[in-house]
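So the protein sequences, as listed, match chains A and B.
Under numbering that gives the first Met the number 0, think of the first position of the first sequence as 0, with each following residue one higher.
Under numbering that gives the first Met the number 0, think of the first position of the second sequence as 0, with each following residue one higher.
In what follows, a single structure is set out as structure tokens and then discussed.
Protein chains: 2
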Amino acid sequence: MRETLQTAPGQQTWKLTLAYDGTDFRGWQVQPRERTVQGELQSALGRITGESPLPQGSGRTDAGVHALAQVASFALRAPIPAANLQRALNGKLPASIRVLEARTMPDGFHARHSATAKTYEYRIFRGKMCPPFLARYVYAYTWPMDEGRLDEAAGIFVGEHDFHSFAATDPDLSTRHGESGIEGQVQDHSEERSTIRTIFSSAWTRHGTEDCEQLVYRVRGNGFLHHMVRNLVGTMLDVARGYLRPEDIAGILAARSRSAAGPTAPARGLFLHSVEYE
Amino acid sequence: MRETLQTAPGQQTWKLTLAYDGTDFRGWQVQPRERTVQGELQSALGRITGESPLPQGSGRTDAGVHALAQVASFALRAPIPAANLQRALNGKLPASIRVLEARTMPDGFHARHSATAKTYEYRIFRGKMCPPFLARYVYAYTWPMDEGRLDEAAGIFVGEHDFHSFAATDPDLSTRHGESGIEGQVQDHSEERSTIRTIFSSAWTRHGTEDCEQLVYRVRGNGFLHHMVRNLVGTMLDVARGYLRPEDIAGILAARSRSAAGPTAPARGLFLHSVEYE
Numbered sequence: 000m001r002e003t004l005q006t007a008p009g010q011q012t013w014k015l016t017l018a019y020d021g022t023d024f025r026g027w028q029v030q031p032r033e034r035t036v037q038g039e040l041q042s043a044l045g046r047i048t049g050e051s052p053l054p055q056g057s058g059r060t061d062a063g064v065h066a067l068a069q070v071a072s073f074a075l076r077a078p079i080p081a082a083n084l085q086r087a088l089n090g091k092l093p094a095s096i097r098v099l100e101a102r103t104m105p106d107g108f109h110a111r112h113s114a115t116a117k118t119y120e121y122r123i124f125r126g127k128m129c130p131p132f133l134a135r136y137v138y139a140y141t142w143p144m145d146e147g148r149l150d151e152a153a154g155i156f157v158g159e160h161d162f163h164s165f166a167a168t169d170p171d172l173s174t175r176h177g178e179s180g181i182e183g184q185v186q187d188h189s190e191e192r193s194t195i196r197t198i199f200s201s202a203w204t205r206h207g208t209e210d211c212e213q214l215v216y217r218v219r220g221n222g223f224l225h226h227m228v229r230n231l232v233g234t235m236l237d238v239a240r241g242y243l244r245p246e247d248i249a250g251i252l253a254a255r256s257r258s259a260a261g262p263t264a265p266a267r268g269l270f271l272h273s274v275e276y277e
Numbered sequence: 000m001r002e003t004l005q006t007a008p009g010q011q012t013w014k015l016t017l018a019y020d021g022t023d024f025r026g027w028q029v030q031p032r033e034r035t036v037q038g039e040l041q042s043a044l045g046r047i048t049g050e051s052p053l054p055q056g057s058g059r060t061d062a063g064v065h066a067l068a069q070v071a072s073f074a075l076r077a078p079i080p081a082a083n084l085q086r087a088l089n090g091k092l093p094a095s096i097r098v099l100e101a102r103t104m105p106d107g108f109h110a111r112h113s114a115t116a117k118t119y120e121y122r123i124f125r126g127k128m129c130p131p132f133l134a135r136y137v138y139a140y141t142w143p144m145d146e147g148r149l150d151e152a153a154g155i156f157v158g159e160h161d162f163h164s165f166a167a168t169d170p171d172l173s174t175r176h177g178e179s180g181i182e183g184q185v186q187d188h189s190e191e192r193s194t195i196r197t198i199f200s201s202a203w204t205r206h207g208t209e210d211c212e213q214l215v216y217r218v219r220g221n222g223f224l225h226h227m228v229r230n231l232v233g234t235m236l237d238v239a240r241g242y243l244r245p246e247d248i249a250g251i252l253a254a255r256s257r258s259a260a261g262p263t264a265p266a267r268g269l270f271l272h273s274v275e276y277e
């Protein structure tokens, strides 16, 4: 049974699409005495409308993780034209958070529960020296590696798999707010939480010039576990570096143990690219 | 009489070329209890060589101002291959400061006194909404303006002029460290400091896509007064906005008064582009 956004009579459901530079935030989720994206958004809404609904994100992003198009939903009593709400929010929010779109939605829309697919991007800098203006947005990975093995490893994740080995072991998160360390649409709030996810596409592309080359991993799936993309990337880098073989990945998936997989790649290279709805 | 870098016997003069994101620094110049680029560099040199010379910059950059190729000079006793010093510095410095080049120089080389020309760039964002990943590096100027008048105004500054009206009124800076608020090569440490500078080129170019258009001002001269580029840009924007006419600029130069010129454009759009030596 899924929770839906409780929209009281006279309230309107809203959907915001947001871009943010996650560097200076302690992640998406509101926390006491910490600067978070959700907290900044709630505070800006309060100053504009006098109401302070807690916007629900399509998923939490960790400290330092960026978003090109995060989606948030909430309900407001105040009648306000969408263009005005967008403009007012961009006036109150710091320049590191921008509202790309604001629109009203039918009752029952929920940024997380209504999502059908999400896409993440992970950016790796491969030049000799990472320009200071790029350092917040890439993982500067300067070690020699066999880039062809990245492609081979990425292909293995496509399909339905149990990604338990790639999920953060998060005892804290798993009890907080009735959610598991797992984020994504497949949350049923039962005791046993599934770590099975379907990956629709998973591939690397190359961008930029010889001096400023970037490797960009894009992965689209029906949901992602906490730290899953960063753990997939850390493991693929171990494959490209020669610490693991591509054929080891099947065994890592089967192990259902975080310690079987590679390290967690740094937050700064990760972007929530987009969220899809029906 | 110009001061030169005092290189003691057995010392080697060094030249570093640096790029930095100025956002998180209180400018170039070392200050007690503040994070500055010069301070970070001195500290890194101390940790690597055991010597802590104060690197002399080609000029100070203010808090929030960036550099694509700032130049610094200092002397070291420790013999160390240039490539090793560069690598070691990049290992100790934060990712927001990069040493692009390290090389030894003949005695007497001084980053500021030996400079023959400097180029600055000022970047203005003209799209509807400034992406959060660009916000630290541009001035998002969304007002309607006549961009053609920017070009007209920029051309007027070429040549030798008294830029007194475009210099910060800096009583504090003018007594500190025997330097005036004026920076650039033309510093004679006499009582009367010249505010005459020669501008070799001054022009705007357009970059980017329709959604993400940038106007970039590039100015090259034999020296620049404190805040001069930001005050030139602020004044040109007033012209483009219609608050001033291009033909007012001659009168502003003649007035020799800061209050005659336009406002100081924000630091975040300014980049020290390059420094030239004979």
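Built from N, CA and C at the ideal position, the CB exists for glycine as well.
Model, not experiment: these values are computed from the prediction.
Beta-carbon to beta-carbon, Pro245 (chain A) and Glu151 (chain A) are separated by about 5 angstroms, close enough to satisfy the 8 angstroms threshold. A distance below 8 angstroms between beta-carbons, with the five flanking residues on each side excluded, links Phe199 (chain B) to the following residues of its chain, in chain order: Ala116, Val157, Arg219, Gly220 and Asn221.
The DSSP assignment places 65 to 75 and 96 to 104 as complete runs of the beta strand (DSSP E) inside the stretch 56 to 119 of chain A, in order along the chain (cut-off: 3 residues).
Counting along the chain, no alpha helix (DSSP H) covers Asp161 (chain B); the unbroken beta strand (DSSP E) around it starts and ends at Gly158 to Asp161. Along the stretch 86 to 109 of chain A, the positions whose C-beta sits under 8 angstroms from a C-beta of chain B are Asn89, Ala94, Ser95, Ile96, Arg97 and Leu99, read in chain order. Tyr19 (chain B) has a beta carbon lying within less than 7 angstroms of a beta carbon in chain A.
Contact annotation, Ser72 (chain B) with Ala18 (chain B): C-beta distance approximately 17 angstroms; criterion of less than 8 angstroms not satisfied.
The C-beta of Ala134 (chain A) comes closer than 7 angstroms to at least one C-beta of chain B. DSSP places Val29 (chain B) in the coil class of the three-state scheme, outside both helix and strand. Counting other Cβ atoms within 10 Å of its Cβ, Pro131 (chain A) reaches 16 or more and is therefore classed as buried. Close to chain B, meaning a Cβ-Cβ distance shorter than 7 angstroms, are the following residues of the stretch 121 to 149 of chain A: Met128, Cys129, Pro130, Pro131, Phe132, Ala134 and Tyr136. Asp20 (chain B) counts as buried, since no fewer than 16 other beta carbons sit within 10 angstroms of its beta carbon.
In the pairwise beta carbon analysis, the stretch 253 to 271 of chain A is classified as touching the stretch 158 to 167 of chain A: at least three pairs are separated by under 8 angstroms. Distance from the CA atom of Thr6 (chain A) to the CA atom of Val238 (chain A), rounded to whole angstroms, is 48 angstroms. Of B:Gly38, B:Leu99, B:Ala114 and B:Phe124, the smallest CA-CA separation from Leu214 (chain B) is found for B:Phe124.
Contact check for Met128 (chain B) against Thr12 (chain B) fails: the beta carbons are separated by 7 angstroms or more. Membership of Gln11 (chain B) in the beta strand (DSSP E) is indicated by the continuous run Gln11 to Tyr19. In the DSSP secondary-structure assignment, Ile47 (chain A) is not bridged to any residue. Shortest Cα-Cα distance from Ala74 (chain A) to any of A:Ala167, A:His225, A:Ser51 and A:Ala260 involves A:Ser51. For Gly220 (chain B), the enclosing beta strand (DSSP E) covers residues Gln213 to Gly220. Ser273 (chain A) and Phe223 (chain A) have their C-alpha atoms spaced approximately 13 angstroms apart. As the crow flies, the alpha-carbon of Met227 (chain B) is around 42 angstroms from that of Thr48 (chain A). Rounded to whole angstroms, Ser57 (chain A) and Leu15 (chain A) show a C-alpha spacing of 10 angstroms.
Going by C-alpha positions, Val64 (chain A) is about 7 angstroms away from Gly268 (chain A).
In the three-state scheme derived from DSSP, where H, G and I count as helix and E and B as strand, Ala166 (chain A) is classed as coil. Contact between Pro265 (chain A) and Tyr138 (chain A) holds, with the beta-carbon distance rounding to 5 angstroms and staying under 8 angstroms.
In the assembly as shown, Thr194 (chain B) is a buried residue. Its beta-carbon has 16 or more other beta-carbons within 10 Å.
By the criterion of a C-beta distance shorter than 6 angstroms, Cys211 (chain A) is surrounded in its chain by Gly126, once the five residues flanking it on both sides are discounted.
Annotated as proximal: Thr22 (chain A) and Arg135 (chain A), with beta-carbon spacing under 7 angstroms. Within the model, the alpha-carbon separation for Gln10 (chain A) versus Arg217 (chain A) is close to 37 angstroms.
Annotation: the continuous alpha helix (DSSP H) that includes Thr234 (chain B) extends over Met227 to Arg240.
Sequence-distant Cβ neighbours of Thr35 (chain B) in its own chain, meaning closer than 7 angstroms and more than five residues away, are Phe24, Arg25, Gly26, Trp27, Gln28 and Val29.
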